[in-house]
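Reviewing the structure listed below.
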Amino acid sequence: MKKVGYFFFSFLPVLIALGIQFLASFFMMGISALLIVPSVPSRDVFNRLYDVWTNTDFNTGLMLVYALTCICVFGLWYYHSFGGNFLPERAVFHPMQLAAIAVLIPGT
């Protein structure tokens, strides 16, 4: 029964990352709407918001907020997982790590 629980627990980081991405998107879209709506005539609001939300500068800022939030959330999760140590007690280099990296490079 524990194996099934661990299997479903392995999906939790992906679900958390997706949730953070949605929340960051709604947060940034709400902030931009609050800044744009008062300054634009009512007939051009949707066009102006569409222009802003499809702009690469807006999307870069959105991804920056998303990345920083994920770094904080998963950094705290990592910190908690190892009981307050950011580095595990035993960090030993093994030659097979180079082989694993060489296999992973084409995939990335």
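Going by the working numbering, the sequence shown opens with residue 1, and the numbers climb by one from there.
Quick reminder that beta carbons are idealized off the backbone N, C-alpha and C, glycines included.
Note that the structure is a prediction, hence the values are computed from the model and not measured.
Query                                                                                          : Result
Beta-carbon proximity check, MET28 vs LEU64, cutoff 7 Å                                        : no
Euclidean distance between Cα positions of THR108 and ALA99                                    : 15 Å
CB contact flag (SER32, VAL52, <7 Å)                                                           : yes
Cβ-based neighbour list, GLN21, same chain, cut-off 8 Å, excluding 5 preceding and 5 following : TYR66
Presumed contact (8 Å Cβ cut-off) between CYS70 and ALA17, rounded CB distance                 : 6 Å
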